[in-house]
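Since the structure comes first, as structure tokens, the remarks are kept for the end.
Residue numbers (my numbering): 31 to 437.
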């Protein structure tokens, strides 16, 4: 199940590093096969519900999280200094691909832990790392992003949430929407305006410890097209008190810090997209081999063979793209353009592949029992969150034009 990942991964690694990666990939493949694959459809059908103020999801998710904790999955990219494993982004995103192949909602649990770890490592101070990272690695805390507001999606500079300094604390008031894993996310990165007159230059980043936080209110869950078993919520911040030690950087520095963190998380979206596409491709190949029409398997028809060839090619290119971006980041090189390219290509590629998977299945592709309709629904979000395709094209073009002008 992971040989496709291994074939590409080993070209980016030394022999010693690959041996470590191979053993971890085999472990996560076994976990996914036993604890996620048999339940993925059922978890999607149940979705997430809010009953009497409590979020209800499929109980298998708790077992999956427990297994991830037992195998130190959440601490893979956390440095050893903070009780993590300290492995590379490359290995981490390869695992993200495999997890998302089984269930992209589960992939979001895994991905957000990496996102918060990355934010703390690049933008947090030593005290913040020491307080939060060991518990993130141990699965005692779960990351989340409070960025989007009703009036601000791609335009993060228009954030209206206010942070007012009051001695050694800030009083936070506002509303955030589209919060992934809203039921368990308790270590939250968010932007608030400390000086509305300065626009985006007046935005400050904070880390909120939402465990038993007065004024932090989960108002509702959204009913979504895809990744239904991952609760997505709307949050009200009603005079929430944040200690000054949870401010990230100085006042007014939040916007670039958050943008830098989003750049890294885009590689994860690319890896997850590749995983969903791989799942749809494998289902299609099996179905086309078994489905008999006109006296022979439909895989015998050249039109379908060409579909399979196109799927395989696109997935291979997407996998190389996110791995290259991961490698650049691991080497400490500029990876921003590569991350946007990987995210743009992989997310749009996965939409194309899942569409063709339904076409190959014919009418059965429209039926839940054949899974490809779930892949089609789930991958639709990937061209939207962590920066839309339009934002990625804007980033890529600006960086390329700047490079050309400089030369």
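Note that beta-carbon positions come from the ideal geometry of N, C-alpha and C, so glycine has one too.
Handout entry: Integer-rounded CB distance, given that residue 227 should sit under 8 Å from residue 189
Key = About 14 Å separates the two Cβ atoms, so there is no contact after all.
Handout entry: Close-in-space but distant-in-sequence residues of the same chain around residue 153 (CB under 6 Å, 5 per side omitted)
Key = Cβ neighbours of residue 153 beyond the five flanking positions: 278, 287.
Problem - Limits of the unbroken beta strand (DSSP E) element including residue 300 - result: Judged by DSSP secondary structure, residue 300 falls outside any beta strand (DSSP E) and instead within the alpha helix (DSSP H) spanning 284-320.
Practice task
Find the nearest neighbour of residue 429 within the set 369, 394, 174, judged by alpha-carbon distance.
Solution key: Of 369, 394, 174, the smallest CA-CA separation from residue 429 is found for 369.
Problem - Residue span of the beta strand (DSSP E) that contains residue 136, given as start and end - result: Residue 136: not part of any beta strand (DSSP E); member of the alpha helix (DSSP H) spanning 134-153, first to last residue.
Problem - Nearest-angstrom Cα separation, counted from residue 403 out to residue 107 - result: Their backbone Cα atoms lie some 33 Å apart in a straight line.
Practice task
Compute the distance between the beta-carbons of residue 87 and residue 259, then report whether it is under 8 Å.
Solution key: In this structure, residue 259 lies closer than 8 Å to residue 87 by Cβ.
Handout entry: residue 181 (DSSP reduced to helix, strand or coil)
Key = Residue state, collapsed to three classes: coil.
Exercise for the section: Please work out which residues of its chain come closer than 8 Å, Cβ to Cβ, to residue 112, disregarding the five sequence neighbours upstream and downstream, and give them in chain order. Expected result: Excluding sequence neighbours, residue 112 sits near 159, 160, 163, 164, 167.
Handout entry: Through-space distance from residue 392 to residue 148, alpha-carbon basis
Key = Going from the Cα of residue 148 to the Cα of residue 392 covers about 42 Å.
Problem - Proximity winner among 417, 376, 186, 182, relative to residue 303 (alpha-carbon distances) - result: Between residue 303 and the set 417, 376, 186, 182, the nearest pair of CA atoms involves 376.
Practice task
Give a yes or no on whether the C-beta atoms belonging to residue 328 and residue 318 are separated by under 8 Å.
Solution key: Yes, they are a contact pair.
Exercise for the section: Compare the beta carbon distance of residue 219 and residue 235 with 8 Å and say whether it is the shorter of the two. Expected result: With contacts defined as CB atoms closer than 8 Å, residue 219 and residue 235 qualify as a contacting pair.
Problem - Beta-carbon gap between residue 355 and residue 297 smaller than 8 Å - result: For the pair residue 355 and residue 297, the CB atoms are nearer than the 8 Å cut-off.
Exercise for the section: Look at the alpha carbon of residue 373 and the alpha carbon of residue 293, and state the distance between them as a whole number of angstroms. Expected result: Their Cα atoms are separated by approximately 10 Å.
Problem - Beta-bridge pairing of residue 192 - partner residues as DSSP gives them - result: Residue 192 is bridged to 203, 223.
Exercise for the section: Check the DSSP bridge columns for residue 372 and list the partner residues they point to. Expected result: In DSSP, residue 372 forms no bridge with anything.
Exercise for the section: Quick one: using the 10 Å Cβ neighbour count with 16 as the cut-off for buried, is residue 171 buried or exposed? Expected result: Flag for residue 171 reads buried.
Practice task
Give the secondary structure of residue 414 by DSSP, where H, G and I count as helix, E and B as strand, and everything else as coil.
Solution key: Coil, per DSSP.
Exercise for the section: State whether the segment 244-253 contacts the segment 263-278, with contact taken as three or more CB pairs (one from each stretch) at a distance under 8 Å. Expected result: Verdict: yes, contact present.
Problem - residue 249: first and last residue of the uninterrupted beta strand (DSSP E) it sits in - result: Per DSSP, residue 249 belongs to the beta strand (DSSP E) from 246-251.
Handout entry: DSSP three-state assignment for residue 243, whether helix, strand or coil
Key = Coil.
Problem - Three CB pairs or more closer than 8 Å across the segment 66-73 and the segment 138-146 - result: No contact exists between the segment 66-73 and the segment 138-146.
Exercise for the section: Tell me the start and end of each unbroken alpha helix (DSSP H) in the segment 329-361 that is at least 4 residues and wholly inside, in chain order. Expected result: As far as the segment 329-361 is concerned, its whole alpha helix (DSSP H) runs of at least 4 residues are 332-360.
Handout entry: Span of the beta strand (DSSP E), counted from its first residue to its last, around residue 97
Key = First-last for residue 97: 90-100, but that is the alpha helix (DSSP H), not the beta strand (DSSP E).
Practice task
Can you say whether residue 432 is buried or exposed, counting buried as having 16 or more other CB atoms within 10 angstroms of its CB?
Solution key: Residue environment for residue 432: exposed (fewer than 16 other C-beta atoms within 10 angstroms of its C-beta).
Practice task
Below 8 Å on the Cβ atoms is my guess for residue 36 versus residue 52; work out the distance and round it to an integer in Å.
Solution key: Sure, about 6 Å apart at Cβ, within 8 Å.
Practice task
State the DSSP-derived secondary structure class of residue 80, mapped to helix, strand or coil.
Solution key: Residue 80 falls in the strand class under three-state DSSP.
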